[in-house]
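**Q** Using numbering that gives the first Met the number 0, the first residue of the sequence shown is number 0, and each one after it goes up by one. I'd like to ask you about the structure that follows.
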Amino acid sequence: MPEPVKNARFEIPPDLRFLLKRALRTGIFDYTFTGPQSAKHLVESLGIPHTEVSFIRVNGESCSLDYLVQDGDCIQVFSQSANKALIYRTPGEPRFVLDGHLGRLAAYLRMLGLDCLYRNDYTDPELVQVSVSEGRILLTRDRRLLMHKTIQHGCLLRSLDPGVQFSEIIQRFALKHWIKPFQRCLLCNHVLQPVEKEVILDRLQPLTIQYFDEFHLCPGCNQVYWKGSHYERMLRLVIMAGRLADDMQLEPPTGS
Numbered sequence: 000m001p002e003p004v005k006n007a008r009f010e011i012p013p014d015l016r017f018l019l020k021r022a023l024r025t026g027i028f029d030y031t032f033t034g035p036q037s038a039k040h041l042v043e044s045l046g047i048p049h050t051e052v053s054f055i056r057v058n059g060e061s062c063s064l065d066y067l068v069q070d071g072d073c074i075q076v077f078s079q080s081a082n083k084a085l086i087y088r089t090p091g092e093p094r095f096v097l098d099g100h101l102g103r104l105a106a107y108l109r110m111l112g113l114d115c116l117y118r119n120d121y122t123d124p125e126l127v128q129v130s131v132s133e134g135r136i137l138l139t140r141d142r143r144l145l146m147h148k149t150i151q152h153g154c155l156l157r158s159l160d161p162g163v164q165f166s167e168i169i170q171r172f173a174l175k176h177w178i179k180p181f182q183r184c185l186l187c188n189h190v191l192q193p194v195e196k197e198v199i200l201d202r203l204q205p206l207t208i209q210y211f212d213e214f215h216l217c218p219g220c221n222q223v224y225w226k227g228s229h230y231e232r233m234l235r236l237v238i239m240a241g242r243l244a245d246d247m248q249l250e251p252p253t254g255s
C-alpha cells in the first residue's frame with residue numbers, strides 16, 4: 000500500500016530563492032512528499048544546502064533542521080544573513096578550507112591573516128574530511144558538496160569574482176573581529192617570521208636592498224616578503240572590501 004502523500008507550505012527568503020527551481024522562485028509554495036522527512040532533507044531537496052540556513056520556524060515555532068515535517072506544516076526558512084550574531088556563536092577564530100577553484104580568494108583571506116587551507120587538487124572527499132576533522136568552514140560554489148551530511152560549517156559563494164567573494168566572506172562571518180593583516184604567507188598559509196636583511200641579501204634585487212629594510216620570511220615555502228610594489232594595492236583592497244581600516248593595525252609587512 001503506497002504511503003499517504005503529505006503537504007507542507009514553505010516560505011523561502013529572497014536571498015535563497017535563486018537556488019530554487021524557476022517555478023518556485025516566488026518563494027512561497029506548497030511542497031508534497033511521502034514518508035518521514037526531516038526539514039533538512041526537504042530543504043536540500045529544494046536545492047538549498049543546510050549550511051545556508053540559519054534557522055527555521057514551523058507553524059511559528061523555532062525548530063532545528065532535524066524536525067520531522069508533518070502534513071500541513073508551514074515552514075519558514077531563514078538564511079544565514081538573518082543571523083547577525085553568527086561569529087559570536089562560533090568559538091575561536093574562524094578557519095577555512097577552500098575548494099580548488101578559489102585560489103585567489105584564499106590569497107585574499109590569507110592577506111587578512113586568516114588561516115586558510117587551499118590546494119587546487121583537493122578532491123571532494125578530502126575537502127569534507129578536512130572540514131569535519133579540523134572544524135574548518137568549507138568555502139565552495141558547489142552546492143552539492145555542502146549538502147554532505149557530515150558538513151557542519153560551510154558557505155556557498157554566490158559570485159564568480161574573487162573580489163566579490165572576498166566581501167561576501169567578510170560580511171557573512173564578521174571577519175572584522177579577526178583581522179591580523181599581512182601576517183600569513185599568501186602562497187602556503189604559514190605565519191610569517193621576521194628575518195634580518197643580511198640573511199637574505201643574496202635573494203634581493205639591488206633596488207630592493209637600497210630602499211627596504213624590513214623583511215619577513217615564510218618558514219613553510221621560504222618566500223620573502225616586504226612592503227614592495229604590491230603593498231598599497233593590497234592595503235586598498237583590505238580597506239575597500241570590509242571598511243576595516245578604523246580598527247586595524249596595518250604596520251606588519253606584506254609580500255612583493
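Note that CB positions come from ideal geometry on N, CA and C, so glycine has one too.
At the level of alpha carbons, what is the spacing between I136 and Q209?
**A** I136 and Q209: Cα-Cα distance of roughly 42 angstroms.
**Q** Do you know how far the Cα of L138 is from the Cα of I199?
**A** So the two alpha carbons sit approximately 36 angstroms from each other.
**Q** Just tell me which of D123, P1 and L104 has its CA closest to the CA of D114.
**A** Taking only the C-alpha atoms, the option nearest D114 is L104.
**Q** Can you check DSSP and say which residues form a bridge with S37?
**A** Partner(s): L67.
**Q** Whole-angstrom Cβ separation of Y30 and L41, contact assumed at under 8 angstroms?
**A** Y30 to L41, Cβ: 7 angstroms. Contact.
**Q** For Q182, count neighbouring Cβ atoms within 10 angstroms of its own Cβ and tell me buried if that reaches 16, exposed if not.
**A** Its Cβ being crowded by 16 or more others within 10 Å, Q182 is buried.
**Q** Any idea which residues DSSP pairs D29 with across the strands?
**A** Note: D29 sits in a beta bridge opposite R8.
**Q** So, at 6 angstroms on beta carbons, what are the nonlocal neighbours of H189 in its own chain, with the 5 sequence-adjacent residues on each side left out?
**A** Contacts found: C217, P218 and G219.
**Q** Could you give the DSSP three-state label for Q79: helix, strand or coil?
**A** Three-state result, Q79: helix.
**Q** Which residues share a DSSP beta bridge with S61?
**A** DSSP, once it has assigned bridges, lists R56 as partnering S61.
**Q** Hey, quick one: how far does the alpha helix (DSSP H) through I208 stretch, first residue to last?
**A** Segment P205 to Y210, the alpha helix (DSSP H) holding I208.
**Q** Where I150 and L144 are concerned, what is the direct C-alpha to C-alpha distance, given to the nearest angstrom?
**A** I150 and L144: Cα-Cα distance of roughly 9 angstroms.
**Q** At the level of alpha carbons, what is the spacing between F214 and L185?
**A** Cα to Cα, the separation comes out at about 15 angstroms.
**Q** Looking only at its own chain, which residues have a Cβ that is under 6 angstroms from the Cβ of D65, when we skip the five neighbours before and after it?
**A** For D65, where only same-chain residues beyond five positions count, the Cβ hits under 6 angstroms are S37.
**Q** Quick check on P1: buried or exposed, where buried means 16 or more other Cβ atoms within 10 Å of its Cβ?
**A** Its Cβ having fewer than 16 others within 10 Å, P1 is exposed.
**Q** Taking all protein chains shown into account, decide if T122 is buried (16 or more other Cβ within 10 angstroms of its Cβ) or exposed.
**A** So T122 ends up on the exposed side.
**Q** Could you compute how far the alpha carbon of I86 sits from the alpha carbon of D201?
**A** Note on I86: pLDDT 46, under 50, position unreliable in the model; the coordinate value appears next. Going from the Cα of I86 to the Cα of D201 covers about 44 angstroms.
**Q** In terms of residues, what are the limits of the alpha helix (DSSP H) holding Y107?
**A** Segment G102 to M110, the alpha helix (DSSP H) holding Y107.
**Q** Give me the Cα-Cα distance between R21 and G46, rounded to the nearest whole angstrom.
**A** Their Cα atoms are separated by approximately 11 angstroms.
**Q** Determine which residues share a DSSP beta bridge with V153 and list them.
**A** Sequence check: residue 153 is Gly here, not Val. DSSP lists L137 as partners of G153.
**Q** For the alpha helix (DSSP H) that F165 lies in, which residues bound it at each end?
**A** Taken as a continuous stretch (DSSP letters only), the alpha helix (DSSP H) holding F165 covers P161 to R171.
**Q** Can you find the residues in the same chain that come closer than 6 angstroms, C-beta to C-beta, to G99, ignoring five residues on each side of it along the sequence?
**A** Answer for G99: N119 and Y121, listed in chain order.
**Q** Is it true that the CB of I27 sits closer than 7 angstroms to the CB of V76?
**A** No, these two residues do not count as a Cβ contact at 7 angstroms.
**Q** Please report the straight-line C-alpha distance between G134 and R94, rounded to a whole angstrom.
**A** If I take the Cα positions, the gap works out to 8 angstroms.
**Q** What number of angstroms, rounded off, separates the C-alpha of S78 from the C-alpha of F172?
**A** The alpha-carbon atoms of S78 and F172 are separated by roughly 13 angstroms.
**Q** Going along the chain, which residues of its own chain have a beta-carbon closer than 8 angstroms to the beta-carbon of R109, five neighbours each way excluded?
**A** The answer, listed in chain order, is C115, R183, C184, L185 and N188.
**Q** Where does F181 fall in DSSP's three states?
**A** The answer is coil: DSSP assigns F181 none of H, G, I, E or B.
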